[in-house]
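A.B. asks: Before I ask anything, let me first share the structure, which is written out below as C-alpha cells.
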Amino acid sequence: MAAENDKLRATPLAIAATCFFALAISVYLIKQLFAKSKRRKPCYLIAEFKPQYNFKRVLADNSYSQFKHLKLHEADSVAEEEELNLHPYKVEISSLMKNANVGILELFDGYEKWSMGMGGEYVWVEAEEQLRELVADLSNEEVFAVDTEQHGLRSFLGFTALIQISTMSKDYLIDTIVLHDVMGLLRPVFANPAICKVFHGAHNDILWLQRDFHIYVVNLFDTAKACDILSKPHKSLAYLLETYCGVATNKLLQREDWRQRPLSEEMIQYARVDAHYLLYIAYCLCLELKQLENENSSPGDKFHFILEASRRSNATCLQLFAKDIESCTGELAASSIISRCLNDPGNISPSLYDEKFQELVRRLCVWRDLMARLHDESLRFVLSDNAIIALAAKIPTTETNIYSSMLEADSDVESVTMVPLQTPSPVVCSHLDDLFCLLRGKITKLDDILQMCIREHLGQGGSCPLSAYNYALLSKTTLGTGNRITPNHNGFRASKQVAKMASRQLFVQKFSCKSPVYHNCKIYASDGRLLCYCDQRKLQWYLNRDLAKLVEGDPLSIMLLFEPKGRPEDEDNDFYIQKKKNICVGCGEGNHYLRYRIIPSCYRIHFPEHLKSHRSHDIVLLCVDCHEIAHSAAEKYKKHVAAEFGIPLFIRRVADLDKTQNTPISLPASCEEIGVSPLQLRIAAMALLRHGPQMPSQRREELTQTVMTYYGGREITNEDLEKALLVGMSPHERRRFEKKRGYTFKHFRKSNNPIDAEEDIGGRPPVTIQNASPDEDEEDSLRTKATDAYQQDDDTILEDAKITAPCSIDTDDSLSDTKIVSGIGSISISSNDDTSGSGNLSNGTIHPSDEKETLLKNDSKMSLLGHGPHGKQVVEYLLKEHGEDGVREFCQRWRHVFVEALHPRFLPGGWDVKHSGKRDFGEFSVYKPTTIASAAIAG
Ligand code: AMP
Ligand code: MN
Ligand code: ZN
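Below, the structure written as C-alpha cells:
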C-alpha cells in the first residue's frame, strides 16, 4: 500500500522530469540547428569561378613565406638553398652591363621595310603548340618588343592576363591565363642575351614575369630609360606613340578587366598598339642617342649614350620579385589609414583619435589582409580603406548598420578599375560573423584573429574553398598548432607567428637530418655477445680490413674477429648496447629531427678529455619544436650559471667608439620565454650574412634580434651568424657545408683543440674519436686492437694531438668550427663570396678573451666565438673547486635542465640524468689522458 502510494506520487514527478528533459533537449537541438545554419553560411567562392583556380603552378602563393626564385642549379645543401634565392641570371646581366650591346642600332637595319601600321593580322596564342611555334620564331629574332597586361582586383598578388610580343613582322597576343602553366617555354628566349627585348617602362613587367612564370629578362632595351637620357619632356608610352607614330591610345583601357575572354576589339587593339610600335620607337630613340653622342663628345672621349641606355635598362633586369612581408600583418595599411585620419583636417570626430578607434582599424586591417589572402582577392576588393574607417568610427553591430556604414563610406569613391566594385563585397557578406566578432571586441589579439580565421575558414570543415593560393596558409598552420608543444604565443606579433608556421614545413624538409642518424647496425664479439650499435660506415671499416665478418643483413651486423679489450656490460654501460630510435626524444616525432647537445658546447669543450667521451648519451635527436624549447631553456640556464658563479656570459668592450653604438640592442621582454626555432635562426643569419648591409635597417634589426635571442640576448658577431648556419647539422653535413662555403677542414684541424676533432672530424673510420653520429663513441668503448691498427696506418691522431700544444687557441664552442688561427684572426666562411658576408654587425665590438685578446688585439676582424671566456672559466672553476666530480655534477645539472624543460618521453632506455659510465681507456685511445699528453709532447 505504502509502495503504491509512492508510485502514485512518483508518477507526476517522473512525467514532469521527462517533460523537462524533452524540452531541454529540443531547445538544445534547435539552438544547435540555428548555430549550424548560421555557421553554414556558404562562402561566396563556392559558387564563383575564378580563372586563376585553373592554374596548376602557382609560384607566388598568398602565404607569408618568401617567393622562391628560379634555381638553375640544384642546391645540395639547405643553406645553399637559402643562398640561391638570388637572381638566376645575375652573371649574364652583369656581363651585359659591362660590355653592353652598342650595336643595338644595327638590329633595326631595314626598318623601313616594316609596315609600320597595324594592318596585318595578329596571332592569338592560346594553345601550347602555338606557344612552341612562337618560341621557335622568337629564337630566330635578334630583337622583339614586349608588354604585359595584369589583373589585380580579384587576386591578392595579381597575375598576368596577357603578354603582347611584337617582332618586325608579327604581333602576338598570348593568352597567359589558359597557357599559365606552360609559359615557362618562353624562359629561354627571354633569358637569351643574344636577343634584345624592348619594353617601355619595364620595371613592373620584369617583376610580374618573374612572379608568374619565373621568366627573367636578359638584354633589355627600355624605351623609358632612353627617354630619361634624352631628357624627353614626357616619357609615357602615349606620348611616344603620339610623337613618333602619330597614334593615339586610350590609356584608360589599362584598367579593363584583362581576364575577360574573348577580349573586346578595343582591348585587342590597345594591347597590340602597346607592343607593336615599340621596335620603331626604340629605333628612333637609338638614332637620337647616337646623334647626341656625336654632338656631345669629343673624338677622344666618346660617351656612349646608347650603351648607357642599355646599361640602365639591364640594371632593371637585376630586380627580384619579392612578396611584401610585413612584420605584422596589415600593419602598413593600418598605420597609413590612421595617419590619414589624423592628418585630415576634415575629420572633426574626436573618436578618430582615441585608442579604441585605432585598435579597431588594426584589427580590421589584419582581418582584411588575411581574408584577401584566403580568397585570393585584392585588399580593396575585400574592404575599402574608407569602409574600415567608417566601421572603426561607428562600430555598428547589426547587419543593417554594418552594410549602411560601408555603403556610405564607399559612395563617393570612384572605382580605380572598370571592374565594378561591390559594396559590401561578397567576402564581407558571406563572412559577416567575423566582423561582428571583431567589432564587438570578442577577439582582440591580432594573432588570435589570424588563428581564428585560418581555422574557421580553411580548417577541417572550414567555410571557404582551399586553393593553391591559400593552401600554404593552412597546411603550415595545422603543423604549428597540431604539435604537442606550442611555444608561448603571447608576445608574438601576428604575422611572425604565421610566418613561422609557414616556414616550419620548409625547415623540416630541408634542415633536418637527411637520413636516419642511427643505423642500428650491430657489432658482436666473437662469442656472440652484442658489443654496440653503430652506423654502416663503421661496419664497413672493419669489413674492409678483414677485422670482422658479416653475420646478418638486416640490420647489418658484424662479428669481430678479434677479442675486444672490454665489454660494455662490464662497466655498467648498458646504455650503449641498445638500439636507438630515429625519433625526437622529446615527443616521438619520427619524420624529422636534428641533433641537440644537452651539455652546451661552450662548457663541454673545456672538459678534460676523458669526461667528454659520453657523447652519444648527451647528444640526442629533437624535432624542431623540442629543439627550440630545449635550447631556450639552456640559454636561460646559462644566465643562471653566470650569476651563480659570478662569471659573466660575455664581456662587452667597445674597441672603436666611432664605429659602434655600444648600447646593446634591447631585447623584447618576451625573449626570455620564447625560443627561436633553428629555422628562424638560420634564415635570419643567412639573410644577415648575405644582405645585412643592403637591408633596410628595420629588417636588419628584426633579424638581428632573432639571432640575439637565440644566443641568449647577447650581442652577436659575424662568427655567431656563421655558426648559426650550422646548428643541428651533423659533423659530416657541416663539413660539406663549409666546403661549399669555401674553406677546407684540414686547414683548421691543425690549429684546433682536439675537442673540436671530436665533433668535427668525421667521415673517417671508427674506433678513434671520429664522430659521424651520436653513437660514435660507443665504438670507442670497444677499445679494440683495431684501434691500434687504425692509428698506425693513419697519422691523424698525431696531427690532432699536436693541437694540444700549449700555444693552441681555444674556443668556447665546439659546435662551431674554430676559425682562429694564431695571428691570422678569424676567417670568414663567406670570404669567397663577393657581395655579402662582410656586413659586420657588431663592428668594432669585440668579445675579448684572456690571452687571445692580447695576442690578436690589433686584428680588427678578431672576434671570439660564443660567450668568450665564460665557458672556460666556469669549467676551470669547477675543476679547481670540486675536481672532476664537479664537472660530472655540472653535466647532471644540464641534463636536469633538459628534462625539466622538455619532459622528454622517448629517451632511450638507460639514459640517466646521473649517467657517468665510468670508462677506462685503451692504451691508444685518444681519450686516455696519457695518450694525449704524450702525443702533445711528441708534437
Ligand atoms: P600598360 O602596359 O600601360 O597597359 O599597363 C600594364 C598593366 O599595368 C595594366 O594591365 C594594368 O593592370 C596595370 N596598370 C598600369 N597603370 C594602371 C592604372 N593607372 N590603373 C590601374 N592599373 C594600371
Ligand atoms: Mn600595356
Ligand atoms: Zn570565404
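Here the sequence shown is numbered in full-length UniProt numbering, starting from 1 and rising by one per residue. Cβ atoms here follow ideal geometry from the backbone N, Cα and C, with glycine treated the same way. These figures come from a predicted structure and were not determined experimentally.
Thinking S63 and A472 are a contact (beta carbons under 8 Å), I'd like their distance in whole angstroms, please.
C.D. replies: Walking along the sequence shown from the start, residue 63 turns up at place 63. Walking along the sequence shown from the start, residue 472 turns up at place 472. The Cβ separation is near 4 Å, so the contact holds.
A.B. asks: The beta strand (DSSP E) with M559 in it runs from where to where?
C.D. replies: Numbered from 1 along the sequence shown, position 559 holds the residue referred to as residue 559. That run of the beta strand (DSSP E) goes L556 to L560.
A.B. asks: Excluding the 5 residues flanking K914 on each side, which residues of the same chain have their C-beta closer than 7 Å to its C-beta?
C.D. replies: Taking the first residue of the sequence shown as 1, we reach residue 914 at position 914. Only Q892 meet the Cβ criterion.
A.B. asks: Relative to the alpha-carbon of A271, which residue among Q254, A387 and Q260 has its alpha-carbon at the smallest distance?
C.D. replies: By 1-based counting over the sequence shown, the position of residue 271 is 271. Comparing Cα positions, the closest option is Q254.
A.B. asks: Quickly, what does DSSP pair I523 with across the bridge? List them, please.
C.D. replies: Here residue 523 is taken as the residue at index 523 of the sequence shown, counted from 1. In the DSSP output, where bridge partners are listed per residue, I523 has C532 and I558.
A.B. asks: With a cut-off of 8 Å, do at least 3 Cβ pairs link the stretch 361 to 376 to the stretch 324 to 343?
C.D. replies: They touch, by the three-pair rule.
A.B. asks: Expressed to the nearest angstrom, what Euclidean distance is found between the alpha-carbon atoms of H203 and I583?
C.D. replies: In the sequence shown, counting from the first residue as 1, residue 203 sits at position 203. In the sequence shown, counting from the first residue as 1, residue 583 sits at position 583. One C-alpha to the other measures close to 49 Å.
A.B. asks: Verify the contact flag: M371, CB atom, against every heavy atom of the ligand ZN, threshold strictly below 8 Å.
C.D. replies: Mapped onto the sequence shown, residue 371 falls at position 371. Yes, the ligand ZN has a heavy atom inside 8 Å of this Cβ.
A.B. asks: Following the continuous beta strand (DSSP E) through G553, name the residue where it begins and the one where it ends.
C.D. replies: For the purposes of this step, residue 553 is taken as residue 553 along the sequence shown, with counting starting at 1. Start and end: A548 to G553.
A.B. asks: With a threshold of 9 Å between beta carbons, is V247 in contact with chain B?
C.D. replies: The question asks about chain B, but that chain is absent: this structure has only one protein chain.
A.B. asks: With a CB to CB cut of under 7 Å and the five nearest residues on each side skipped, what residues in its chain are close to P904?
C.D. replies: For this step, residue 904 is matched to residue 904 along the sequence shown. Contacts found: V585 and G586.
A.B. asks: Compute every distance between the C-beta of G152 and the non-hydrogen atoms of the ligand AMP, then say whether any falls below 8 Å.
C.D. replies: Start at 1 with the first residue of the sequence shown, and residue 152 comes out as number 152. The answer is yes for G152.
A.B. asks: Between D527, R363, Y216 and C328, which lies nearest to I443 when the distance is taken from Cα to Cα?
C.D. replies: Taking the first residue of the sequence shown as position 1, residue 443 is located at position 443. Closest by alpha carbon: R363.
A.B. asks: Taking all protein chains shown into account, do 16 or more other C-beta atoms lie within 10 angstroms of the C-beta of A191, making it buried, or fewer, making it exposed?
C.D. replies: Here residue 191 corresponds to residue number 191 of the sequence shown, with the count starting at 1. With 16 or more Cβ atoms within 10 Å of its Cβ, A191 is classed as buried.
A.B. asks: Decide if the stretch 390 to 407 is in contact with the stretch 159 to 176; the criterion is three or more beta carbon pairs, one per stretch, under 8 Å apart.
C.D. replies: Taking 8 Å as the limit for Cβ pairs, the verdict is that the stretch 159 to 176 does not touch the stretch 390 to 407.
A.B. asks: For the ligand ZN, list every residue whose C-beta falls under 7 Å from any of its heavy atoms, going in chain order.
C.D. replies: Having a Cβ closer than 7 Å to some heavy atom of the ligand ZN are C43, Y44, L45, L374, H375, V427, S430, H431, H457, S463 and C464.
A.B. asks: Cα separation between L539 and K880?
C.D. replies: Counting from 1 along the sequence shown, the entry for residue 539 is found at position 539. Counting from 1 along the sequence shown, the entry for residue 880 is found at position 880. For L539 and K880, the distance between alpha carbons rounds to 41 Å.
A.B. asks: Taking the C-alpha atoms as reference points, what is the distance between D181 and A145?
C.D. replies: The sequence position of residue 181 within the sequence shown is 181, counting from 1. The sequence position of residue 145 within the sequence shown is 145, counting from 1. So the alpha carbons of these two residues sit roughly 22 Å apart.
A.B. asks: Starting from the C-beta of Q422, find all residues in its chain whose C-beta is less than 6 Å away, skip the five residues before and the five after it, and write them out in chain order.
C.D. replies: If you number the sequence shown from 1, residue 422 lands on position 422. Cβ neighbours of Q422 beyond the five flanking positions: none.
A.B. asks: Flag W258 as yes when its Cβ comes closer than 8 Å to any non-hydrogen atom of the ligand AMP, and as no otherwise.
C.D. replies: Reading the sequence shown from its first residue, position 258 is the one you call residue 258. Yes, the Cβ of W258 comes within 8 Å of a heavy atom of the ligand AMP.
A.B. asks: Grouping DSSP H, G and I as helix and E and B as strand, with all else coil, what is T709?
C.D. replies: Indexing the sequence shown from 1 puts residue 709 at position 709. Reduced to three states, the DSSP call for T709 is helix.
A.B. asks: Quick one: using the 10 Å Cβ neighbour count with 16 as the cut-off for buried, is I338 buried or exposed?
C.D. replies: Numbered from 1 along the sequence shown, position 338 holds the residue referred to as residue 338. Buried, since its Cβ has 16 or more Cβ neighbours within 10 Å.
A.B. asks: Using alpha carbons as the reference points, say which of A724, E889, G158 and W894 lies closest to A372.
C.D. replies: Position 372 of the sequence shown holds residue 372. With distances taken between Cα atoms, A372 lies closest to G158.
A.B. asks: Just to be sure I understand the criterion: a residue counts if its Cβ is closer than 6 Å to at least one heavy atom of the ligand MN. Which residues meet that?
C.D. replies: Ordered along the chain, the selected set is D147, E149 and D274.
A.B. asks: To the nearest angstrom, how far is it from the Cα of Y53 to the Cα of P424?
C.D. replies: Taking the first residue of the sequence shown as 1, we reach residue 53 at position 53. Taking the first residue of the sequence shown as 1, we reach residue 424 at position 424. Going from the Cα of Y53 to the Cα of P424 covers about 23 Å.
A.B. asks: Around the C-beta of D760, are 16 or more other C-beta atoms found within 10 angstroms, so that it is buried, or is it exposed?
C.D. replies: Taking the first residue of the sequence shown as position 1, residue 760 is located at position 760. For D760, the predicted model reports a pLDDT of 28, less than 50, meaning its position is unreliable and no value from the coordinates is stated.
A.B. asks: Could you check what DSSP says for A643 in three-state terms: helix, strand or coil?
C.D. replies: Here residue 643 refers to the residue found at position 643 when the sequence shown is read from its first residue. Note: A643 maps to helix in three-state DSSP.
A.B. asks: Could you pull the start and end residues of the beta strand (DSSP E) that L438 belongs to?
C.D. replies: Within the sequence shown, numbered from 1, the residue matching residue 438 stands at position 438. From DSSP, L438 is part of no beta strand (DSSP E) but of the alpha helix (DSSP H) over L432 to L439.
A.B. asks: At a cut of 8 Å, does the stretch 624 to 639 reach the stretch 892 to 902 through at least three beta carbon pairs?
C.D. replies: Touching, per the Cβ criterion.
A.B. asks: Based on the DSSP output, what are the partners of A145 in its beta bridges?
C.D. replies: In the sequence shown, counting from the first residue as 1, residue 145 sits at position 145. Note: A145 sits in a beta bridge opposite S166 and V198.
A.B. asks: Under the assumption that C286 contacts I306 (Cβ atoms under 8 Å), give the Cβ distance between them as a whole number of angstroms.
C.D. replies: Mapped onto the sequence shown, residue 286 falls at position 286. Mapped onto the sequence shown, residue 306 falls at position 306. Rounded, the Cβ-Cβ distance is 6 Å, consistent with contact.
A.B. asks: Could you tell me if residue 940 is buried or exposed, where buried requires 16 or more neighbouring beta carbons within 10 angstroms of its beta carbon?
C.D. replies: With the chain represented from 1 up to 939, any question about residue 940 goes unanswered, as that position is not in the structure.
A.B. asks: CB M118 to CB H304, shorter than 9 Å?
C.D. replies: By 1-based counting over the sequence shown, the position of residue 118 is 118. By 1-based counting over the sequence shown, the position of residue 304 is 304. It is not a contact, given that the beta carbons lie outside the stated cut-off.
A.B. asks: On the DSSP bridge assignment, give the partners of H151 in chain order.
C.D. replies: The sequence position of residue 151 within the sequence shown is 151, counting from 1. Bridge partners of H151: F159.
A.B. asks: What does a CB cutoff of less than 6 Å around L703 pick up in its chain, not counting 5 residues either side in sequence?
C.D. replies: As a first step, residue 703 is located in the sequence shown; it is residue number 703 there, counting from the start. Closer than 6 Å at the Cβ level, and outside the excluded window around L703, lie A684, A687 and L688.
A.B. asks: Which runs of the alpha helix (DSSP H) fall wholly inside the stretch 279 to 361 and span at least 4 residues, in chain order?
C.D. replies: Correct list: 305 to 317 and 331 to 343.
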